[in-house]
Each structure stands twice: as structure tokens, then as C-alpha cells.
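What follows is a single structure, written as C-alpha cells, with notes after it.
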Amino acid sequence: RPLIDGWKFTFAVSFFFRLGFALAWIFIANVNHSHMWNEFLARDPERTWPMLHAFMAFALGGRHRWNEMLFHDVHHMCPGRIGAMSQRGRFHGWQKVHDACVEILANGLWKSDDDETTMMQHQKRRSLIMKSRK
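Position 73, counted from 1, in the sequence shown is what this note's numbering calls 334; the numbers after and before it change by one each time, with no gaps.
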């Protein structure tokens, strides 16, 4: 085979790898950090959307990866301690990570005397809803 065939293959693989990575990053970074997504999460602190959970778990390759988006707010609470939800889900099981995150939400994410940002208001509302349901 001529050398040009190898280069065509290399460029095609490189292009689609970069495209896939860019689309995934845009989706995760822009959706996870949007006010709209955090408002959605604030309205449903117990994360009770079974059809959405099933679809997104399938699309992302497993429930442990869906936990990453579903509890991204918990990840930002203390990212150094919690780390990636998907990694924790791989080693401890997605259900155990899910339940632990719901428990964290029930206790409340933000306890601060600083001026509240819009995101912090969503987090506080979610924590109050969880506390009222116990």
C-alpha cells in the first residue's frame, strides 16, 4: 500500500478524535456549569427522573458517568476531596456514589457568610428542599 493511505487513515482518526473530544467537552463544560442546568438540579434534589437517567446513562456509557453530570454541584463543593464521580462510581458502584451525593445534598452544600451568587441561591434552595423532605 502507498504511504498516502496511511496518512489518510491517520488524519481521519485524528480529526474524529478531536471532534469527539471537543463535542464532549463543550457539552459537559457548558451544560454542567450553566444556570439552566443548576436550576433543573435545584428543582429535583433527589434526582428522580428515571427515563432521563436511563437515557443519559446509556448515551454516556454507564450510570457512573451520568453521576458526574447529575452531581456536578457536589463535585464543585470540594473537588479535591471528592474528585471525579465517575471514577468513584467505577470502584464503589454507581448506586453507592448516588446515595452518598443525595445525602450530601440533604445536609446542604453551601454554608457561607459571603454574598450569595445566583448559583449559590440554587444550591441553597436545593438543600432546603432536601431538608424539608426528611
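Just so it is clear, CB atoms sit at the ideal spot from N, CA and C, and this is done for glycine as well. As the structure is a prediction and not an experimental result, all values here were calculated from the model.
Enclosing alpha helix (DSSP H) for residue i [first to last residue]
i: residue 362; result: 355-368
i: residue 326; result: 324-331
Helix, strand or coil at residue i [DSSP, three-state]
i: residue 296; result: helix
i: residue 410; result: Because the chain here runs from 262 to 395, residue 410 falls outside it and cannot be looked at.
i: residue 263; result: coil
i: residue 309; result: coil
Counted within 10 angstroms of its Cβ, other Cβ atoms place residue i as buried (16 or more) or exposed
i: residue 274; result: exposed
i: residue 303; result: buried
i: residue 418; result: The first residue shown for the chain is 262 and the last is 395, placing residue 418 beyond what the model contains.
i: residue 322; result: exposed
i: residue 359; result: buried
i: residue 332; result: buried
i: residue 312; result: exposed
i: residue 297; result: exposed
i: residue 279; result: exposed
i: residue 325; result: buried
i: residue 327; result: buried
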